[in-house]
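Below is one structure; the comments refer to it alone.
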């Protein structure tokens, strides 16, 4: 038979083994979580950088598409305005507006503006535009698809739009 000291040592070994296994598992889990947690940050950072790069590429593609669309729309407007019948109606309307005796009501109901509204109105509808504006060099609006602006000088508030138009540029703008 074993003496009491040997019996105590036999009981202590399994208890130490039992304590060391949970301690080992706890330390292993904590280590894995720490390494995993530290590993997530660089991966997350890289994913954010990749997403930002992809969004920049998409944005530049969209901007280029918008630029091409705007240039195409301006070319369409130039072709439309340079058609002889439309061009002549525009010139007649501008000449009519130069007379001091002609008021906004005469311009509103003129044959030239009625014809322009019909012709250019269909183009505006096709392109999804709100309308068109015809103005002279003093920013007097002599014709438009809408009734309200005729006879006013509201364009001087939109100086950039007005100035570029006077330079001969075809301008597609936000509604104002």
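In our numbering, the protein residues as written are 1 to 176. Beta carbons are placed, not taken as given, at the ideal position from N, Cα and C, and that holds for glycine.
Straight-line Cα distance separating residue j from residue i
i: residue 139; j: residue 115; result: 22 Å
i: residue 71; j: residue 128; result: 16 Å
i: residue 65; j: residue 43; result: 33 Å
i: residue 86; j: residue 77; result: 11 Å
i: residue 61; j: residue 84; result: 37 Å
i: residue 48; j: residue 39; result: 15 Å
i: residue 96; j: residue 63; result: 41 Å
i: residue 125; j: residue 73; result: 13 Å
i: residue 31; j: residue 45; result: 22 Å
i: residue 117; j: residue 154; result: 20 Å
i: residue 130; j: residue 167; result: 23 Å
i: residue 56; j: residue 50; result: 10 Å
i: residue 101; j: residue 82; result: 29 Å
i: residue 94; j: residue 103; result: 12 Å
i: residue 27; j: residue 67; result: 60 Å
i: residue 23; j: residue 41; result: 28 Å
i: residue 25; j: residue 35; result: 15 Å
i: residue 99; j: residue 75; result: 32 Å
Residue nearest to residue i in terms of C-alpha spacing, selected from the options
i: residue 119; options: 128, 152, 151, 80; result: 80
i: residue 152; options: 105, 160, 126; result: 105
Same chain, Cβ closer than 6 Å to residue i, five either side skipped, listed in chain order
i: residue 164; result: 171
i: residue 149; result: 141
i: residue 160; result: none
Contact test: residue i Cβ vs the ligand NAD heavy atom, cutoff 7 Å
i: residue 75; result: Among the ligands in the structure shown, none appear at all, so the ligand NAD cannot be discussed.
Close Cβ partners of residue i (< 8 Å) along its chain, the five nearest in sequence each way excluded
i: residue 58; result: none
i: residue 53; result: none
i: residue 20; result: none
Own chain residues within Cβ distance below 7 Å of residue i, not counting five before or after
i: residue 29; result: none
i: residue 123; result: 80
i: residue 121; result: 145
i: residue 169; result: none
Neighbour flag for residue i against chain C, beta carbons, 8 Å
i: residue 163; result: Absent here is chain C; the protein component of the structure consists of one chain.
Between the stretch 143-154 and the stretch 103-110, do at least 3 Cβ pairs fall closer than 8 Å?
-> At 8 Å Cβ cutoff, the stretches touch.
Determine contact between the stretch 120-140 and the stretch 79-98, defined as no fewer than three beta-carbon pairs at a distance below 8 Å.
-> Contact between the stretch 120-140 and the stretch 79-98 is present, because at least three Cβ pairs lie under 8 Å.
What residue ranges within the stretch 110-169 form continuous alpha helix (DSSP H) runs of no fewer than 4 residues, ordered along the chain?
-> Complete alpha helix (DSSP H) runs here, min 4: 111-127, 159-166.
Those runs of the beta strand (DSSP E) which lie wholly inside the stretch 52-81 and span at least 3 residues = Here no run is fully enclosed.
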